[in-house]
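First up is the structure itself, then whatever we jot down about it.
There are 2 protein chains.
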Amino acid sequence: MKAKVAINGYGTIGKRVADAVSAQKDMEIVGVTKARPNNESRLAVAKGYKLYAALPEKIPDFKKAGIPVEGSLEDLIGKCDIIIDCAPGKSGVLNKDKYYAPKNKKAIFQGGEKSGTAQASFNAISNYSKSIGKQFVRVVSCNTTGLCRTLHAVEELSPIANARVTLIRRGADPKEIDEGPINAIVPNPVTVPSHHGPDVQTILPHVPITTIAVIVPTTLMHFHSVMVELKNKVTKEQVLEKFERSPRIRLVSADDGITSTAEIMELAKELGRSRSDMPEICVWKESVNMQGNELFYMQAIHQESDVVPENVDCIRAMLGLEKDPMKSIRMTDEAMGLKKWW
Amino acid sequence: MKAKVAINGYGTIGKRVADAVSAQKDMEIVGVTKARPNNESRLAVAKGYKLYAALPEKIPDFKKAGIPVEGSLEDLIGKCDIIIDCAPGKSGVLNKDKYYAPKNKKAIFQGGEKSGTAQASFNAISNYSKSIGKQFVRVVSCNTTGLCRTLHAVEELSPIANARVTLIRRGADPKEIDEGPINAIVPNPVTVPSHHGPDVQTILPHVPITTIAVIVPTTLMHFHSVMVELKNKVTKEQVLEKFERSPRIRLVSADDGITSTAEIMELAKELGRSRSDMPEICVWKESVNMQGNELFYMQAIHQESDVVPENVDCIRAMLGLEKDPMKSIRMTDEAMGLKKWW
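Those protein sequences? They're chains A and B, same order as listed.
Numbering-wise (the numbering used here), the first sequence opens with residue 31 and increments by one.
Numbering-wise (the numbering used here), the second sequence opens with residue 31 and increments by one.
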C-alpha cells in the first residue's frame with residue numbers, strides 16, 4: 031500500500047513536491063490545500079489532485095469560483111499519513127501547534143521555518159538517518175541544501191578546517207512582481223555573518239563556516255562563491271570526480287556553453303524537466319581549483335526546485351519506508367529523471 | 031605656473047578627470063581629444079575645453095558637424111606636460127608606442143591596460159612615492175583601487191595573513207545599452223582565482239589575496255565581500271575608526287537608510303557631487319566584524335569615479351609637484367568636495 035501524503039499549500043514548493051511524490055512508486059498524494067481559489071487551485075484540480083480549503087470558512091469562496099473542494103485542512107489531515115507544510119515562511123510553526131501536534135500527525139516543514147520548529151533538520155545525502163521515525167522534520171532551505179550537498183561531498187574527501195561562502199541571492203522568483211531590487215546590490219543581511227552558516231551547521235554541525243549574503247537583480251538562481259580550507263591533501267581532480275559521482279550535483283562547463291545561470295535554465299528546458307526545473311546543484315567545472323590546502327568553486331542553486339527531492343526522501347525517512355539513504359535517493363532521482371549518478 | 035594636462039579620450043573616465051584637474055589650483059587642462067564628433071565632443075567645447083581630433087584624418091568630420099577642433103592628438107601632445115590616456119582598454123599601449131614614447135611625453139594609463147605598459151602601478155594612499163618622476167604610470171582599475179584603499183587601511187592596523195574577496199561586478203555602466211546580463215549571474219572569469227588578486231599585488235605586493243568574480247544585472251556599482259585574516263589582534267572598533275579617518279573611504283549605514291548600492295547613488299546626488307559621483311569606497315558600518323583573527327566587511331565601488339582623484343594625485347607625483355602623498359590627497363579631495371578626513 032502506498033504512503034498517503036498531503037500537501038498544505040499548493041504554491042511554488044508545494045506543487046512541485048506534489049508532482050515529485052506522485053512520480054514515486056511507494057507514495058501518493060491524497061490531497062492538497064490552497065488558501066483561496068485562483069489559477070493554481072484550478073490547475074491542481076485539473077491535474078487530478080483532491081483540493082481542500084486551508085480554512086473551512088473559505089469553502090464557499092471556492093464553490094462560488096466553480097472549483098470543487100473536498101473539505102478543509104482538518105479533513106485532509108485525517109486522511110494522510112504525513113503532511114508536507116509548504117505554507118508561507120513562519121506559518122508552519124502555527125500550523126504545527128494548531129493542527130499537526132493536536133492530531134499527532136507527522137509533518138515536514140520547509141527551510142523558512144526556524145530549526146526549533148522540528149526535531150531534526152534534513153538533507154538526504156548528509157543526515158537521512160537522523161529523521162527516521164521522527165514526527166516533525168524541517169527540510170532546510172534551498173541555499174542550505176545547496177551548501178550541504180557539495181560540502182558533504184568535499185567532507186568525504188577531507189575534514190573541513192574552515193568554509194567561507196559569499197551567497198549571491200536572486201531578488202525574487204520568476205513569477206514574483208512585488209519584490210526587488212531592479213537595479214542594485216543589497217547586502218542582506220547587512221551584518222556578517224549571515225544566518226546561512228549556522229543553518230548549514232544544523233546539518234553539518236562539525237563544519238566551521240562563515241557566510242556573507244547579498245541580493246541582486248535576477249530571478250533565475252542563487253549563486254555561491256565557495257572557499258574551503260581542508261585538513262588533508264586533496265587534488266582538484268579528486269574533487270571533480272567526487273562531484274561527478276555525487277547525487278544531485280551536476281558539473282557544468284563554460285567551455286561547453288554554460289557560462290551563466292541563464293544557460294543552466296536553458297539546459298533544464300532542453301532536458302525536458304518538469305517545469306524546466308534544475309534540482310541538481312550546478313558546479314562550474316572550470317571554477318574548481320585548489321591552492322595549497324584551500325579548495326575553491328562556484329555553484330548555482332535553483333531556488334524553486336532543489337529541495338523537492340529532499341522532501342520526497344524525508345517522507346521515506348520519517349515513515350520508515352526505507353532505511354538506506356542511498357536507496358531512497360536513487361528511487362527519488364530515477365522517478366524525477368534527475369542526473370544519473372548510480 | 032600651472033601644470034599643463036591633456037586628456038586623450040574624453041569619455042566616461044576622461045571627462046571626469048578633466049573636470050577634477052580643472053578644479054585643482056596647480057594644474058589645468060590644455061585640451062582633450064575625441065575620436066569622432068558626437069554629443070560628448072560638443073559638450074567638451076561648450077564647457078570650454080579645447081578639442082582635438084584623435085586622428086588628423088577625422089578633423090574634416092568635426093568641421094562638417096560644426097564642432098571646432100584645434101588640431102590632432104599629435105598637436106595636443108606638443109602643448110602639454112603630461113597626457114592622461116583614457117582611450118578604450120588595451121589601446122593605451124598602442125598610443126604609448128606610437129605617440130607618447132617617441133615624443134618623450136609623460137603619460138598616465140588606466141586600469142584596462144596591462145601593468146607592464148607602465149613603469150609603476152598607482153594608488154595614492156598605498157604607493158604614491160613610487161611614481162614620483164616616472165614617465166609612464168598606470169592608475170589601477172576601479173575594483174583594484176577599491177580593494178587597495180581599504181586593505182591598505184587595514185594593513186596599517188595589522189599585517190594581512192590572507193585576504194579572500196568575492197567581487198560582484200555591475201554588468202554595464204548606466205549609459206551602456208549593448209552589454210548584459212539582463213537576468214543572470216555570470217562567473218567572470220569562470221576560473222578561480224580571478225585576475226583582481228594579482229592586480230592588487232601590483233600595489234600591495236606583500237598581501238596574499240585570492241579573488242573570485244561574477245557579473246550581475248545592475249549598472250550602479252561594484253560590490254566586494256571581503257574576508258581578511260590578520261596577523262595581529264585588532265578590534266572591529268579600531269577598524270571602523272581607521273576607515274572613518276581614511277581618505278576616500280566612506281562608512282555608510284543600513285540603520286541610516288543606506289541599505290543598497292542604489293541608496294548610495296541617491297546619497298551622491300544629495301551631496302551635490304559632480305555627475306552625482308561617489309569617488310569614495312563605501313563600507314557598510316554594520317558589516318564590519320571580527321571573528322577570532324578574521325575581519326569581514328562589505329564595500330561598494332562607484333566604477334565611473336573612484337579612480338578620478340587617483341589620476342589627479344598621479345599627475346602630481348609624476349611631475350614632482352608634491353612629494354607628500356597626504357598633502358596631494360588632501361588638495362585633490364578638497365577641490366573635488368570629497369569626504370573630509372583631515
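The beta carbon of each residue, even a glycine, is placed where N, CA and C say it ideally should be.
Pairwise C-beta distances place the segment 123 to 139 of chain A out of contact with the segment 90 to 100 of chain A, as fewer than three of them are shorter than 8 angstroms. Nearest Cα to Thr248/A within the set Met31/A, Ala137/A, Ser290/A, Lys136/A: Ser290/A. His236/B carries a coil assignment under DSSP once its states are collapsed to helix, strand and coil. It is roughly 31 angstroms from the alpha-carbon of Ser224/A to the alpha-carbon of Lys299/B.
By the 16-neighbour rule on beta-carbons within 10 angstroms, Asn125/B is buried.
For Cys110/A, no alpha helix (DSSP H) run applies, since DSSP gives it neither H nor E. Partner residues in a beta bridge of Phe92/B, as assigned by DSSP, do not exist.
Identification of chain B residues near Met251/A by a Cβ-Cβ cut-off of 9 angstroms yields Ala214, Ile215, ordered along the chain. When Cβ-Cβ separations below 8 angstroms define contact, Pro211/B makes contact with chain A.
Below the 8 angstroms Cβ cutoff, chain A contributes Ala214, Ile215, Val216 as neighbours of Thr291/B, in chain order. Counting only residues of its own chain and dropping the five nearest sequence neighbours on each side, Glu310/A has a CB closer than 7 angstroms to the CB of Arg278, Ile279, Arg280, Leu368, Lys369. Counting along the chain, the unbroken alpha helix (DSSP H) around Gln268/A starts and ends at 266 to 274. The C-alpha of Val167/B is placed about 8 angstroms away from the C-alpha of Thr147/B. For Gln329/B, the enclosing beta strand (DSSP E) covers residues 324 to 331. A contact is defined here as three or more CB-CB pairs under 8 angstroms, and the segment 31 to 42 of chain B fails this definition with respect to the segment 175 to 187 of chain A.
Contact annotation: Ser171/B and Gly142/B have beta-carbon atoms nearer than 8 angstroms.
Taken through DSSP and simplified to helix, strand or coil, Met366/A comes out as helix. The C-beta of Ile190/A comes no closer than 8 angstroms to any C-beta of chain B. Within chain A, the residues placing a beta-carbon under 8 angstroms from that of Met328/B are Pro217, Val220, Val222, Ile242, Val244, ordered along the chain. Neighbours of Ala298/B across chain A, judged by C-beta separation under 9 angstroms, do not exist; the nearest C-beta is about 14 angstroms away. Remark: three or more beta-carbon pairs, one from each stretch, lie closer than 8 angstroms, so the segment 237 to 253 of chain A and the segment 318 to 333 of chain B are flagged as touching. Inside the segment 291 to 316 of chain B, DSSP marks whole beta strand (DSSP E) runs of 3 or more residues at positions 311 to 314, from first to last along the chain.
Neighbours of Ile59/A in chain B, taken as residues whose beta carbon is under 9 angstroms from its own, are absent, since the nearest beta carbon is some 33 angstroms off. When Leu234/A, Trp371/A, Gln231/A, Asn192/A are compared, the shortest CA-CA separation from Gly322/B is found for Asn192/A. In the three-state scheme derived from DSSP, where H, G and I count as helix and E and B as strand, Tyr40/A is classed as coil. Nearest neighbour of Gly119/A by Cα position, chosen from Ala202/A, Gln140/A, Ile233/A, turns out to be Gln140/A.
With a 10 Å radius around the Cβ and a threshold of 16 neighbouring Cβ atoms, Ile207/B comes out exposed.
Here His254/A is actually not in contact with Gly201/A; their C-beta atoms are around 16 angstroms apart, not less than 8 angstroms.
Classified as exposed, His236/B has fewer than 16 neighbouring CB atoms from the shown chains inside 10 Å of its CB. Within 8 angstroms of the CB of Trp371/A, no CB atom of chain B is found; the nearest one sits about 23 angstroms away.
In this structure, Ser358/B sits near Ala154/B, with a CB-CB distance shorter than 8 angstroms. Annotated three-state conformation of Tyr158/B is helix, per DSSP. By the 16-neighbour rule on beta-carbons within 10 angstroms, Ile212/B is exposed. For Asn192/B, the beta-bridge partners assigned by DSSP are Glu259/B. Residue pairing by DSSP leaves Asp208/B without any beta bridge partner.
The beta-carbon of Ser317/B is placed less than 8 angstroms from the nearest beta-carbon of chain A.
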